[in-house]
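Chains as they are written, first to last, in the working numbering: chain H, 1470 to 1647; chain R, 1470 to 1647. The beta carbon of each residue, even a glycine, is placed where N, CA and C say it ideally should be.
Protein chains: 2
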Amino acid sequence: MATAWRLFYRDGFRVVGIDTILAEAGVAKMTLYNHFASKEELIIAILEQRSDEFIAFFTTAVEAAGRSPTRRLLAVFDALENWFRSDDFKGCAFIRALSEYPEPSHPIHQTAWQHKQELKELLLRLATEAGARDPMALAETLGMLINGAIIAAHATGKSTPASAARTAAASLIKLATA
Amino acid sequence: MATAWRLFYRDGFRVVGIDTILAEAGVAKMTLYNHFASKEELIIAILEQRSDEFIAFFTTAVEAAGRSPTRRLLAVFDALENWFRSDDFKGCAFIRALSEYPEPSHPIHQTAWQHKQELKELLLRLATEAGARDPMALAETLGMLINGAIIAAHATGKSTPASAARTAAASLIKLATA
DNA sequence: CGCGAAATAGACAAATCTGTCTATCGACTT
DNA sequence: AAGTCGATAGACAGATTTGTCTATTTCGCG
Chain H
1470 MATAWRLFYR
1480 DGFRVVGIDT
1490 ILAEAGVAKM
1500 TLYNHFASKE
1510 ELIIAILEQR
1520 SDEFIAFFTT
1530 AVEAAGRSPT
1540 RRLLAVFDAL
1550 ENWFRSDDFK
1560 GCAFIRALSE
1570 YPEPSHPIHQ
1580 TAWQHKQELK
1590 ELLLRLATEA
1600 GARDPMALAE
1610 TLGMLINGAI
1620 IAAHATGKST
1630 PASAARTAAA
1640 SLIKLATA
Chain R
1470 MATAWRLFYR
1480 DGFRVVGIDT
1490 ILAEAGVAKM
1500 TLYNHFASKE
1510 ELIIAILEQR
1520 SDEFIAFFTT
1530 AVEAAGRSPT
1540 RRLLAVFDAL
1550 ENWFRSDDFK
1560 GCAFIRALSE
1570 YPEPSHPIHQ
1580 TAWQHKQELK
1590 ELLLRLATEA
1600 GARDPMALAE
1610 TLGMLINGAI
1620 IAAHATGKST
1630 PASAARTAAA
1640 SLIKLATA
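What follows is the structure, encoded as structure tokens:
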């Protein structure tokens, strides 16, 4: 699964074949198909695993930011910047999965979107902590800002979209809690 | 090219084969390859064509919004909502192209990103008109908001992200021009 | 030590992919 | 009316795709 993740994230879900993954991982084909019924199920399992790791990554950053609700919210954007700076950053696998499987009813599309919803729930909790007038609206707005920043960082290869998003987020938080 | 666009947008660039497009369009294979050297070139030509149409779509909406700079900026978000409401809306083909060809140096990736840059330049002009203190920063922030809204609208099938983004945009514009 | 379960290599099916090539046909122009 | 240029159908190459099947080997555990 580690090999599958690496290749999928590097090149894309559709373009990477089962054979390539198996050859690189040194695993026989039947071993894979004894654990997963199809490539689709493998992708879903990987996305679910990565979703947990990702939420944990942000949660850790939030917890390390102390108790100030605003600071905790902004910690998400600082974590974003660190992520953008990592060498193998190639955008968000979930956004990319949404795009590679554009049909909203597709299981992979839904799994990817579920992750985005979970992240929005984290933002919702933080927005509520911060005493926002409309926490749901604030969470959704910040979520959109985050996804937009990820796309910009991916295409440009720079981490600057994170701080731009952070600045905007700070303004929006201030307005929403004033 | 119309058929190619329809199928690519409906199902994805990688998943739709040349043969499928040709069969549906009633065009011979050599005709295609006399005009384009490869599938990649076809995709790039389509993206460039759609980019022009898209910029025109937003420009028209802006011009129809009158002369108030703020209203003109917000007209972009109203146009967004109309777009989300259309029946065959399946997200942004350019974001999807960025995801399907995740390598930033890939010609298709670059073409798709170029469109996003052109849209940002439109926003930059409007932000300058509006007298923003840092027009570039405002344009980039609004651009991120737009891309985030597109993703949310695609995954949920609803047009509500447009108005959420519009509200946030209105706040940010007010702050940036105060 | 031996048994059972799991992993392995590798052939195989059946379909699909992009791109090339040839030979025929049709339409437009001079 | 003849010649030219482009479109067409369709075969073809060569590679690749997911998933199945079989037969062998390896490993862990009692």
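Lys1559(R) reaches chain H at Pro1571, counting residues in chain order whose Cβ is nearer than 7 Å. Going by DSSP, Asp1488(H) is part of the alpha helix (DSSP H) stretching over Ile1487 to Ala1494. DSSP, reduced to helix, strand and coil, places Tyr1570(H) outside both helices and strands of the structure shown, so it counts as coil. For Gly1617(R), the uninterrupted alpha helix (DSSP H) run begins and ends at Pro1604 to Thr1625, by DSSP.
Three or more beta-carbon pairs drawn from the segment 1553–1570 of chain R and the segment 1562–1570 of chain H are found closer than 8 Å, and the two stretches are therefore classed as touching. Taking 8 Å as the CB threshold, Thr1610(R) lines the interface with chain H. In the structure shown, His1575(H) falls within a coil segment according to DSSP collapsed to helix, strand and coil. In this chain, the alpha helix (DSSP H) harbouring Ser1632(H) covers Thr1629 to Thr1646.
Between the alpha carbons of Lys1643(H) and Glu1510(H) lies a distance of about 43 Å. Minimum Cα-Cα distance from Asn1616(R) among the listed residues Ala1533(R), Trp1582(R) and Arg1540(R) corresponds to Trp1582(R). Classified as buried, Met1613(R) has 16 or more neighbouring CB atoms from the shown chains inside 10 Å of its CB.
Rounded to whole angstroms, the separation of the alpha carbons of Lys1585(H) and Ala1624(R) is 10 Å. DSSP, read as helix, strand or coil, puts Asp1521(H) in helix.
By the neighbour-count criterion, in which 16 or more other beta carbons inside 10 Å mark a residue as buried, Phe1482(R) falls on the buried side. Around the CB of His1504(H), fewer than 16 other CB atoms lie within 10 Å, so the residue is classed as exposed. Between Phe1526(H) and Ala1631(H), the C-beta gap is not smaller than 8 Å, which leaves the two residues out of contact.
In the same chain as Ser1520(H), and ignoring 5 residues on each side of it, the C-beta atoms closer than 7 Å to its own belong to His1584 and Glu1587, in chain order.
CA-to-CA, the gap between Ser1555(H) and Ala1497(R) works out to about 47 Å.
By the neighbour-count criterion, in which a residue is buried when 16 or more other Cβ atoms sit within 10 angstroms of its Cβ, Thr1529(R) is exposed. Only buried fits Glu1609(R), as 16 or more other CB atoms lie within 10 angstroms of its CB. Taking each of Lys1589(H), Pro1604(H) and Glu1590(H) in turn and checking the Cα distance to Ala1596(H), the smallest one comes out for Pro1604(H). Around the beta-carbon of Lys1589(H), 16 or more other beta-carbon atoms lie within 10 Å, marking it buried.
Close partners of Leu1614(H) in chain R (Cβ separation under 7 Å): Met1613, Leu1614 and Gly1617.
In the three-state reduction of the DSSP assignment, Arg1536(H) falls in the coil class.
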